[in-house]
Amino acid sequence: MQKNNQFEAIFLPSKSGIVKIFIYGFQPYGSWGQVFASMNDMSVNVKGYNRKKTIIRAIAKLNESLLNMKED
Numbered sequence: 001m002q003k004n005n006q007f008e009a010i011f012l013p014s015k016s017g018i019v020k021i022f023i024y025g026f027q028p029y030g031s032w033g034q035v036f037a038s039m040n041d042m043s044v045n046v047k048g049y050n051r052k053k054t055i056i057r058a059i060a061k062l063n064e065s066l067l068n069m070k071e072d
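At position 51 of the sequence shown (counting the first as 1) the number is 51 in UniProt numbering, and the numbers step up by one without a gap.
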């Protein structure tokens with residue numbers, strides 16, 4: 001991934017807060033990138049080559065972290 005200042009931001013509203021997703025990289029096609037997903041005070045970071053799968057993995061990892069936090 002080349003260092004650049006471009007990123008995409010996706011905001012998803014929910015009943016318990018806003019899920020913020022920041023997507024870096026994936027340019028040119030086939031290069032790796034990073035996805036940061038955060039909600040309230042919990043955030044996760046996932047790296048990968050496939051943009052769509054990496055976003056889905058970040059959301060799933062965030063969901064798992066939030067569920068584990070509620071159990072404690």
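Note that beta-carbon positions come from the ideal geometry of N, C-alpha and C, so glycine has one too.
Taking the CB atoms as reference points, tell me whether residue i and residue j lie closer together than 8 angstroms.
i: residue 67; j: residue 39; result: no
Is it buried or exposed, residue i, if we count other Cβ atoms within 10 angstroms and call 16 or more buried?
i: residue 12; result: exposed
i: residue 26; result: buried
i: residue 33; result: buried
i: residue 10; result: exposed
Assuming residue i contacts residue j under a Cβ cut-off of 8 angstroms, what Cβ separation, rounded to an integer in Å, is found between them?
i: residue 59; j: residue 37; result: 6 angstroms
DSSP state of residue i, grouped into three classes?
i: residue 15; result: coil
i: residue 43; result: strand
i: residue 31; result: coil
With a threshold of 7 angstroms on Cβ separation, who are the neighbours of residue i within its own chain once the five nearest residues in sequence on each side are excluded?
i: residue 65; result: 42 and 44
Keeping to the same chain, check which residues put their C-beta closer than 6 angstroms to that of residue i; ignore five residues upstream and five downstream.
i: residue 51; result: 26
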